[in-house]
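Undergrad: Sending over a structure as structure tokens; questions will come in a sec.
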Amino acid sequence: MATTRIRPGPVPTRARTTRRPRKGEHLVPWLRTTDPKQIGIMYLLASFFFFIVGGAMALLMRGELAVPGLQFLSQEQYNQLFTMHGTVMLLLFATPVIFGFANVVLPLQIGAPDVAFPRLNALSFWLFLFGGLIVLSGFLLPNGAADFGWTAYAPLSRSVFSVGPGGDVWAAGLIISGLGTILGAVNMITTLVCLRCPGMTMWRLPIFCWNILATSLLVLMAFPILAAALFGLLVDRHLGGHAFDPANGGAILYQHLFWFFGHPEVYIVALPFFGIVTEILPVFSRKPLFGYTGLVFATLLIMGLSMLVWAHHMFATGAVLLPFFSFATFLIAVPTGIKFFNWIGTMWRGRLTFETPMLFSTGFLVTFLLGGLTGVILASPPLDFHITDTYFVVAHFHYVLFGTIVFAVFAGIYFWFPKMTGRMMDETLGKLHFWLTFVGFHLTFLVQHWLGAEGMPRRYADYLVSDGFTALNVVSTIGAFVLGGSMLPFLYNVLKSYRFGVVAGVDDPWGHGNSLEWATSCPPPRHNFTSLPRIRSNRPAFELHYPHMVERMEVEAHADLRRGRR
Numbered sequence: 001m002a003t004t005r006i007r008p009g010p011v012p013t014r015a016r017t018t019r020r021p022r023k024g025e026h027l028v029p030w031l032r033t034t035d036p037k038q039i040g041i042m043y044l045l046a047s048f049f050f051f052i053v054g055g056a057m058a059l060l061m062r063g064e065l066a067v068p069g070l071q072f073l074s075q076e077q078y079n080q081l082f083t084m085h086g087t088v089m090l091l092l093f094a095t096p097v098i099f100g101f102a103n104v105v106l107p108l109q110i111g112a113p114d115v116a117f118p119r120l121n122a123l124s125f126w127l128f129l130f131g132g133l134i135v136l137s138g139f140l141l142p143n144g145a146a147d148f149g150w151t152a153y154a155p156l157s158r159s160v161f162s163v164g165p166g167g168d169v170w171a172a173g174l175i176i177s178g179l180g181t182i183l184g185a186v187n188m189i190t191t192l193v194c195l196r197c198p199g200m201t202m203w204r205l206p207i208f209c210w211n212i213l214a215t216s217l218l219v220l221m222a223f224p225i226l227a228a229a230l231f232g233l234l235v236d237r238h239l240g241g242h243a244f245d246p247a248n249g250g251a252i253l254y255q256h257l258f259w260f261f262g263h264p265e266v267y268i269v270a271l272p273f274f275g276i277v278t279e280i281l282p283v284f285s286r287k288p289l290f291g292y293t294g295l296v297f298a299t300l301l302i303m304g305l306s307m308l309v310w311a312h313h314m315f316a317t318g319a320v321l322l323p324f325f326s327f328a329t330f331l332i333a334v335p336t337g338i339k340f341f342n343w344i345g346t347m348w349r350g351r352l353t354f355e356t357p358m359l360f361s362t363g364f365l366v367t368f369l370l371g372g373l374t375g376v377i378l379a380s381p382p383l384d385f386h387i388t389d390t391y392f393v394v395a396h397f398h399y400v401l402f403g404t405i406v407f408a409v410f411a412g413i414y415f416w417f418p419k420m421t422g423r424m425m426d427e428t429l430g431k432l433h434f435w436l437t438f439v440g441f442h443l444t445f446l447v448q449h450w451l452g453a454e455g456m457p458r459r460y461a462d463y464l465v466s467d468g469f470t471a472l473n474v475v476s477t478i479g480a481f482v483l484g485g486s487m488l489p490f491l492y493n494v495l496k497s498y499r500f501g502v503v504a505g506v507d508d509p510w511g512h513g514n515s516l517e518w519a520t521s522c523p524p525p526r527h528n529f530t531s532l533p534r535i536r537s538n539r540p541a542f543e544l545h546y547p548h549m550v551e552r553m554e555v556e557a558h559a560d561l562r563r564g565r566r
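Letter by letter, the sequence shown follows residues 1 to 566 of the UniProt record's numbering.
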């Protein structure tokens, strides 16, 4: 029986079209992510949003103070601006930007696939973000935002003197944001202690990781004190409490509580940036880090001393033991000086190249050194009595904090941008950004030392022509607008480089990276590594890429030791 063959014909199918991307499909994964690299980038973006908002407030204040009698802001508006400027810059920019870098870099540096508590990490970010937005929402309320200064000294912060809900949302927002900071610190400590890869002992950790550990411990000691003080403030404002009533010494109690948080906060926002600069200097000096052990112990000593010197902010109250707090304040210069000698020793006789991260790191060294020297002046009670609550304190504060935070933040962004995005930033725009920032900053704040020495009080919305403050205020205002303008090339550089920047292409685009993040791709895979190199020192990436150099350096080191014994 013959079979009939049927020639196969075409099978009708539905025509396939390219699927249109749905609205928001690129955004939604970021909103629900638990990837620490993405959370870190969101921390950085949110922090820079608050940085720009705080900077706009600063420009409004400097415009108001340019010449006497201008008064395009009312005194109430000026009070709200300087209150919110300090709050935003310290607690909504400087503190969360730390966790931006920590989330991106720390798991990579210790060879971990993730953080210890991924969902808690995401919760920390959202608490910070919405807490910060609650703080800013005070501008939309009747009577405006909080107007009692970012320190919220009693009795000015009580409802008798600060009418309206602005002060309430300020306190509530900071409590919520502070909770996110505390949870983030718990996460970083646990990650660092429990998730280090094989071979990554504590004494092989990068200095940045040591500094994040010290910072997180300070957060756990300081931020609960701030939360307690803010809860007490809300009780006084709404429930008739008398915790901070001046009649029973409550005003001094509040200052003790605030500065027991406030001075460790200065080092909470300084130590991580010391770590960033310590990561950058060896790479562009083409040398190993000088004095690793000394830097670790200096960091731990700064952490301890920072909890002992809070009352140097209260010399003028007459309610603190001047000799002890003055001596302890002078003492904190010792570990900081050790760090400076180690940084200089790292650069000494190195093959220095000044790419943008190195420029910002050098700007950090210069600016922070000048701020530290004026801090030594303020540590002396007789001098502090003369210049307390003047623009000298404003200048010192900005030299220490802007010099530390902003210069090091920009250094870190230029340094790790290829690791975060896989693309390099534009060097020409980066150098323009640095010089505008450096010149604008020093033009703004250097002259404020002289304004303070001449007696111009801080927090005043106006002054008289006869006071003689006009010329220096004009110079300071010009510098402030130069500094504000320096953000334009940076923002353009970020947007341009993210879309069209040169592809990094290799694990270590800088060529001399030391720590483990330079041993994985740019950007890294979801769980950071496909394979890990052997960890035999605190320079695993350098050993991976230059094994012949490691052998030669070991031989030279042993030869130097033999010469020393002779």
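We put the beta carbon where it would ideally sit given N, CA and C, even for glycine.
Predicted model, so just to flag it, every value in this text is computed and none were measured.
How about residue 190 and residue 116: do their beta carbons lie closer than 8 angstroms?
TA: yes
Undergrad: DSSP on residue 494, reduced to helix/strand/coil?
TA: helix
Undergrad: Comparing C-alpha positions only, which one of 473, 487, 510 and 319 sits nearest to residue 417?
TA: The shortest C-alpha separation from residue 417 is found at 510.
Undergrad: What whole-angstrom Cβ distance do residue 423 and residue 498 have, given they're in contact under 8 angstroms?
TA: About 7 angstroms; that satisfies the 8 angstroms criterion.
Undergrad: So who's on the other strand from residue 573, going by DSSP bridges?
TA: What the structure shows of the chain is the stretch from 1 to 566, and residue 573 is not part of that stretch, so it cannot be assessed.
Undergrad: Could you check the C-alpha separation between residue 241 and residue 233 for me, to the nearest Å?
TA: Those two C-alpha atoms are separated by around 9 angstroms.
Undergrad: From residue 394 to residue 25, what distance separates their C-alpha atoms?
TA: Taking the straight line from one Cα to the other gives about 46 angstroms.
Undergrad: Using a Cβ-Cβ cutoff of less than 8 angstroms, which residues in the same chain neighbour residue 547 once the five nearest sequence positions on both sides are dropped?
TA: Same-chain partners within the cutoff: there are none.
Undergrad: Pull up the distance between the alpha-carbon of residue 137 and that of residue 170, whole angstroms please.
TA: The alpha-carbon atoms of residue 137 and residue 170 are separated by roughly 9 angstroms.
Undergrad: Can you list, in chain order, the residues of its chain whose CB lies under 6 angstroms from that of residue 550, leaving out five sequence neighbours each side?
TA: 543
Undergrad: Using DSSP with H/G/I as helix, E/B as strand and the rest coil, what is residue 206?
TA: Residue 206: coil per DSSP, three-state reduction.
Undergrad: Let me know if residue 230 comes out buried or exposed under the rule of 16 or more other beta-carbons within 10 Å of its beta-carbon.
TA: buried
Undergrad: Comparing alpha-carbon positions, which option in 41, 157, 35 and 540 lies nearest residue 80?
TA: 157
Undergrad: Check this for me: beta carbons of residue 569 and residue 109, under 8 angstroms apart or not?
TA: The structure shown does not extend to residue 569, since the chain is modelled only from 1 to 566, so the question has no answer here.
Undergrad: Where does residue 216 land, buried or exposed, given buried means 16+ other C-beta within 10 angstroms?
TA: buried
Undergrad: Would you kindly report the start and end of the unbroken alpha helix (DSSP H) that includes residue 546?
TA: Note, residue 546: premise wrong, no alpha helix (DSSP H); not H, not E.
Undergrad: Tell me the rounded alpha-carbon separation between residue 476 and residue 469.
TA: 11 angstroms
Undergrad: DSSP puts residue 335 in a beta bridge; with which residues?
TA: For residue 335, which the question treats as bridged, DSSP gives no partner whatsoever.
Undergrad: Under the three-state reduction of DSSP, which class applies to residue 457: helix, strand or coil?
TA: strand
Undergrad: If we call anything under 8 angstroms between Cβ atoms a contact, is residue 269 one with residue 183?
TA: no
Undergrad: Report all residues from its chain with a CB closer than 8 angstroms to the CB of residue 335; omit the five preceding and five following residues, and keep chain order.
TA: 297, 298, 299, 301, 302 and 305.
Undergrad: Considering just the uninterrupted stretch of the alpha helix (DSSP H) at residue 522, what are its terminal residues?
TA: It is not in any alpha helix (DSSP H) - residue 522 carries neither H nor E in the DSSP assignment.
Undergrad: Using C-beta distances below 8 angstroms, list every residue in its chain close to residue 7, excluding the 5 sequence neighbours before and after it, in chain order.
TA: Answer for residue 7: no residue qualifies.
Undergrad: In whole angstroms, what is the alpha-carbon distance linking residue 518 and residue 188?
TA: 21 angstroms
Undergrad: What does the Cβ neighbour count give for residue 254, buried or exposed, with the cut at 16 atoms within 10 Å?
TA: buried
Undergrad: Would you kindly work out how many angstroms separate the C-alpha atoms of residue 149 and residue 532, rounded to a whole number?
TA: 50 angstroms
Undergrad: Assuming residue 370 and residue 377 form a contact by the criterion Cβ under 8 angstroms, report the distance between their Cβ atoms to the nearest whole angstrom.
TA: About 11 angstroms separates the two Cβ atoms, so there is no contact after all.
Undergrad: Quick one: any contact between the region 30-43 and the region 118-133, if contact means 3 or more CB pairs under 8 angstroms?
TA: yes
Undergrad: Report, in whole angstroms, the separation of the C-beta atoms of residue 567 and residue 312, which I expect to be a contact under 8 angstroms.
TA: Here the chain has residues from 1 to 566 only, and residue 567 is not among them.
Undergrad: State the CB to CB distance for the pair residue 147 and residue 83, rounded to an integer number of angstroms; the pair is presumed to be in contact (CB under 8 angstroms).
TA: 6 angstroms
Undergrad: Taking the CB atoms as reference points, tell me whether residue 225 and residue 176 lie closer together than 8 angstroms.
TA: Taking 8 angstroms as the Cβ cut-off, residue 225 and residue 176 do not qualify as a contacting pair.
Undergrad: Tell me the residue span of the alpha helix (DSSP H) that contains residue 107.
TA: 95-109
Undergrad: With 16 as the cutoff for other CB atoms within 10 Å, does residue 504 come out buried or exposed?
TA: By the neighbour-count rule (16 or more Cβ atoms within 10 Å), residue 504 is buried.
Undergrad: The alpha helix (DSSP H) with residue 164 in it runs from where to where?
TA: Unbroken run through residue 164: none, as it is neither H nor E.
Undergrad: Does residue 112 pass the burial test, meaning 16 or more other C-beta atoms within 10 Å, or should it be called exposed?
TA: buried
Undergrad: Rank 412, 315, 431 and 414 by C-alpha distance to the C-alpha of residue 388 and give the top, closest one.
TA: 315
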